[in-house]
Structure formats: C-alpha cells, structure tokens
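One rule links them: number in our numbering = place in the sequence shown (from 1) + 1.
We treat Cβ as the ideally placed atom computed from N, Cα and C, and that holds for glycine.
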Amino acid sequence: MEQTNKPIKRSKELVPLSKEHHEGLLLGWKIKQGLSNGTDINLIAKYTQWFWENELEQHFRKEEEVLAPHLPADNELVQQMFREHEEIEALININAMIADEDILKQIADGLNAHIRFEERVLFPFAESFIPAGELEAIAQELLKTKEKGKWEDEFWVRKKRQ
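Structure below.
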C-alpha cells in the first residue's frame with residue numbers, strides 16, 4: 002500500500018516559522034535547479050549568500066532567540082537544532098569564500114533535512130511543551146521582521162543548456 006504524507010497541522014503561533022521554512026526549501030530547490038541547468042556556479046553561490054543575509058540568518062536567530070528559550074536547553078531536539086544551524090552556517094561561510102558545487106549541494110541537502118526535522122519533530126515537541134500563553138508571546142515576536150530585499154535574476158527558471 003502506498004504511503005502518503007499528510008500535511009502537518011501547525012499551531013497558528015508557529016506558522017510564521019513554517020512559512021519561512023517553505024522559502025528555505027525553495028532555496029535548496031533553486032540551488033539544484035541552477036546546478037542542473039548550467040547556471041554559472043558563482044551566481045548560484047552569490048544568490049545563496051544573498052538569501053542567507055536577507056532571510057535565513059534572521060530565521061535561525063528567531064528560532065534560537067525567540068523559540069529556544071521557551072524549551073529545555075538540555076533537550077536533545079533543541080541541541081540538534083543548534084548543531085544543525087551551526088553546520089549550515091559553516092557551509093554558508095565556506096560558500097562565501099569559494100563557489101563549489103559540492104558545498105552548494107551540501108547546503109541544499111542539509112537545509113532540506115534540517116527543515117524536515119524541525120517541522121516533523123522539533124515543532125510538534127515545542128507545541129506540546131510550551132504553554133498556550135507563551136506560544137502567543139512567541140508569535141508576536143516572530144511577526145517582527147526586517148524588510149527583505151529582492152533578488153532579480155531568476156536563474157532557476159532557465160532552460161537547460163543543450
């Protein structure tokens with residue numbers, strides 16, 4: 002029998018993070034699309050840095066500084082979140098110094114796995130652990146965001162070079 006993935010029901014308070022996760026998954030897809038369609042690797046690397054500076058870094062800080070303080074610091078899931086953030090950030094820092102296809106693939110795959118972990122494991126734990134009133138306060142903080150820039154070159158929609 003074929004197994005289907007049911008949509009994850011997210012508490013309204015954590016929906017802002019889940020929406021940002023969608024953008025993170027798109028980053029991974031865009032990296033892979035760019036690599037497969039022959040886009041200059043330097044452009045993909047530059048976009049990845051731009052995305053880090055304009056979206057992903059702020060997202061990580063929200064999870065670390067807004068959500069995590071409401072969870073037990075010694076919890077294995079919380080520690081995994083911090084560890085994966087550090088690993089992804091380290092790859093982003095390498096990408097800033099040298100454009101490398103393997104590093105870009107590691108960023109895409111690592112981000113995908115990390116987001117799946119947070120959506121399927123960490124967030125359900127947080128929703129069951131954090132009292133409703135605290136979740137509401139978290140939601141108010143999550144809604145505070147800085148203005149995001151816009152990337153103009155949509156390299157991921159190009160046709161594969163023949």
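In the structure shown, the three-state DSSP call for W51 is helix. The shortest CA-to-CA distance from H60 to any of I42, N96, F83 is the one to F83. Only residues of its own chain outside the window of five on either side were considered, and among them E14 have a CB closer than 6 angstroms to the CB of L136, listed in chain order.
In the three-state scheme derived from DSSP, where H, G and I count as helix and E and B as strand, R11 is classed as coil. Judged by pairs of C-beta atoms under 8 angstroms, the stretch 61–74 does not touch the stretch 94–110, as fewer than three such pairs exist. Cβ atoms of I42 and F156 stay farther apart than 8 angstroms, at about 11 angstroms. Excluding five sequence positions before and after L26, the CB atoms of its chain that fall closer than 7 angstroms to its own CB belong to N113, I116, given in chain order.
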